[in-house]
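Okay, structure first, notes after.
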Amino acid sequence: MSINVSFTLNGEAVSAHVASRTLLVEMIRERFGRTGTHVGCDTSQCGACVIHVDGRSVKSCTMLAAQADGTEIVTIEGVAKNGQLHPMQEAFREHHGLQCGFCTPGMIMSALDLVKQNPDPSEKEIREWLEGNLCRCTGYHNIVRAIKAGADSMRVG
Ligand code: FES
Ligand code: FES
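In my numbering, the protein residues as written are 16 to 172.
Next up, the structure:
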């Protein structure tokens, strides 16, 4: 069976006809070419696939494409504006919050949701929040520093 799904993707109204079993992450990557959203596991553990659905961070491998109907979706490609990196992206760059970069889009999307809910998170709160995001390069120390710095500059700016 196939279905029609209409939603907003990074501010643009889009729609797709997909098989009803299609995962949201598959639709985003394969139908819409937003390949910054990664797939790092098949057990819903790694967080490489985190995007925002209606303003909240979600592991897009845990949702069906059909569940996206009528929602507003933001992927990592929608975070920079007018060619300017978002302050959280800048902070990752500045504080070496990435090594191979595979986990980075999911880390940033998770971090943005954290800061939305808690604009000045402690190191402990950041570490707890990142429980669902794995970095295979184990660069956690700098990721936490980057998120702290990103939160600081988002409060200022
Ligand atoms: S690909 Fe979604 S949690 Fe790993
Ligand atoms: S930077 Fe390589 S997986 Fe995190």
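All C-beta atoms, glycine included, are put in the ideal place defined by N, C-alpha and C.
Quantities reported herein were computed from a predicted structural model and do not represent experimental measurements.
Beta-carbon proximity of residue i to residue j, cut-off 9 Å
i: N157; j: G112; result: yes
i: H195; j: C118; result: The chain is shown only over 16 to 172; residue 195 falls outside these bounds and no answer can be derived.
i: D135; j: R170; result: yes
i: N25; j: I88; result: yes
i: D84; j: S35; result: no
i: S72; j: M124; result: yes
i: G98; j: C61; result: no
i: Q114; j: C56; result: no
Cβ-based neighbour list, residue i, same chain, cut-off 7 Å, excluding 5 preceding and 5 following
i: C76; result: L38, V40, V54, S59 and C64
i: H101; result: V94 and A95
i: H32; result: S17 and N19
i: N133; result: E140
i: R142; result: V159
i: S203; result: The structure shown does not extend to residue 203, since the chain spans only 16 to 172, so no value can be given for it.
i: D69; result: T86 and E87
i: E146; result: none
Own chain residues within Cβ distance below 8 Å of residue i, not counting five before or after
i: H110; result: N157, R160, A161 and A164
i: E14; result: Shown here, the chain extends from 16 to 172; a query on residue 14 therefore has no answer.
i: R44; result: T50, T52 and V54
i: V130; result: M103, P136, I162, G165, A166 and M169
i: F47; result: L24, V29 and A31
i: G172; result: P102
Residue i beta carbon near ligand 2 (any heavy atom closer than 8 Å)
i: C64; result: no
i: R160; result: no
Own chain, CB closer than 6 Å to residue i, minus 5 neighbours either side, in chain order
i: I18; result: S35 and A81
i: M78; result: L39
i: A106; result: A161, A164 and G165
heavy atom of ligand 1 below 8 Å from residue i C-beta
i: D128; result: no
i: G55; result: yes
i: C61; result: yes
i: V40; result: yes
i: T77; result: yes
i: T90; result: no
i: T50; result: no
Cross-strand partners of residue i (DSSP beta bridge)
i: M71; result: Note that residue 71 is Arg in the sequence shown here, rather than Met. R71 pairs with V68.
i: T23; result: A28 and E87
i: K96; result: Q99
i: V33; result: I18
i: L113; result: In the DSSP output, where bridge partners are listed per residue, L113 has none listed.
Quiz item: Is the region 141-157 close to the region 83-93, with three or more CB pairs under 8 Å?
Solution: no
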